[in-house]
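Quick note: the first sequence, position 10, residue 10 per full-length UniProt numbering, numbers continuous.
Note that CB positions come from ideal geometry on N, CA and C, so glycine has one too.
For reference, the structure discussed in these notes is given below.
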Amino acid sequence: MRITTWNVNSIRQRQAHLLDFLREEAPDVVCLQELKTTLETLPRAEIEDAGYNVAAVGQKGFNGVALLSKHPIEDVREGLPGDESDSQARYVEGVIAADGGVVRVASIYLPNGNPVDSEKYPYKLAFMDRLVAHARSLLRLEETLVLAGDYNVIPEPRDAADPAAWEGDALYLPQTRAKFRALLALGLTDALRACDDAAGRYTFWDYQAGAWQRNKGIRIDHLLLSPQAADRLDGVTIHKHERAKEKPSDHVPVTVRLRG
DNA sequence: ATGACTGGCCCTGCCAGA
């Protein structure tokens, strides 16, 4: 089975690219981030016509996450536990019974956190703490689990074309990277790194400063696997060509393939 | 060398993103 994560940077602006992707790649599950809309204006009928069920959390203008699945989505959780006052649409999780067995999948839009001297950085760190706690409880279920999304974390120097340029940035601060390592220390596997040690495996190129043309990218979109999912890991694809299209998202889709 | 974009919204400059 194949599971894709993609920050689309407005699902309405990216509707044609998304539908093309669903038709051409036809993954079992797609985790979307940055819908930038409420559910009223989500192109739900078009997605359903492409053969996908939808579970989504919307927000006017910002954030927004979705799970698209060829198979029914059950046990949907909207929002990350641990802070009832957090109304930002950044987390949706569901259980999907596919041909190859049952898998629990989350679509995560982790806060950016810049500027770091504002309230936004503590919010990012608190969100990461809540994600660690929730992942810990999910891992106790011993399920095939995929925590996919835009983590807004550059894990290591090899994950940036110009690491020095990111020093002091919320995506790359030592505290940010340490909390990402805390996720891995729970027993989660970074799917791309389990398959490929190379530098230069980017998933995001800024719209500004010719970042795409100069390949000044970063790797911030990740698929973290439970041990039961990692046992079935069969490969990861970064759909880099999406960034070369007209009116692209600044992020490209990343797909993990699990055996069975 | 420097600066460079895109999207949504209070519809028009401003906030947010990374």
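Whole-Å CB distance - residue i paired with residue j, under 8 angstroms assumed
i, j, result
"residue 108", "residue 151", "7 angstroms"
"residue 56", "residue 92", "6 angstroms"
"residue 54", "residue 66", "6 angstroms"
"residue 193", "residue 203", "Residue 193 to residue 203, Cβ: 13 angstroms. No contact."
"residue 158", "residue 205", "Their Cβ separation, rounded to whole angstroms, is 16 angstroms, which puts residue 158 and residue 205 out of contact at 8 angstroms."
"residue 9", "residue 34", "5 angstroms"
"residue 125", "residue 179", "6 angstroms"
"residue 260", "residue 100", "4 angstroms"
Three-state secondary structure (DSSP) of residue i
i, result
"residue 219", "coil"
"residue 198", "coil"
"residue 38", "coil"
"residue 75", "strand"
"residue 20", "helix"
"residue 62", "coil"
"residue 243", "helix"
"residue 44", "helix"
"residue 177", "helix"
"residue 184", "helix"
"residue 231", "coil"
Paired residues, beta bridge with residue i - DSSP
i, result
"residue 68", "30, 54"
"residue 151", "For residue 151, which the question treats as bridged, DSSP gives no partner whatsoever."
"residue 205", "217"
"residue 191", "DSSP, once it has assigned bridges, lists no residue as partnering residue 191."
"residue 12", "Answer is none; residue 12 lacks a bridge partner."
"residue 93", "77, 106"
"residue 2", "257"
7 angstroms Cβ shell around residue i - same chain, five flanking residues per side excluded
i, result
"residue 27", "2, 3, 4, 255"
"residue 184", "190"
"residue 62", "36"
"residue 177", "153, 155"
"residue 162", "216"
Proximal residues to residue i (C-beta, below 6 angstroms), its chain only, five neighbours per side dropped
i, result
"residue 144", "103, 228, 229"
"residue 59", "89"
"residue 130", "80, 82"
Contacting residues, own chain, Cβ-Cβ under 8 angstroms from residue i (five flanking each side not counted)
i, result
"residue 261", "Here the chain comprises residues numbered 1 to 260, so residue 261 is not present and cannot be evaluated."
Alpha helix (DSSP H) segments (min. 4 residues) lying fully within the segment 104-149: 120-139
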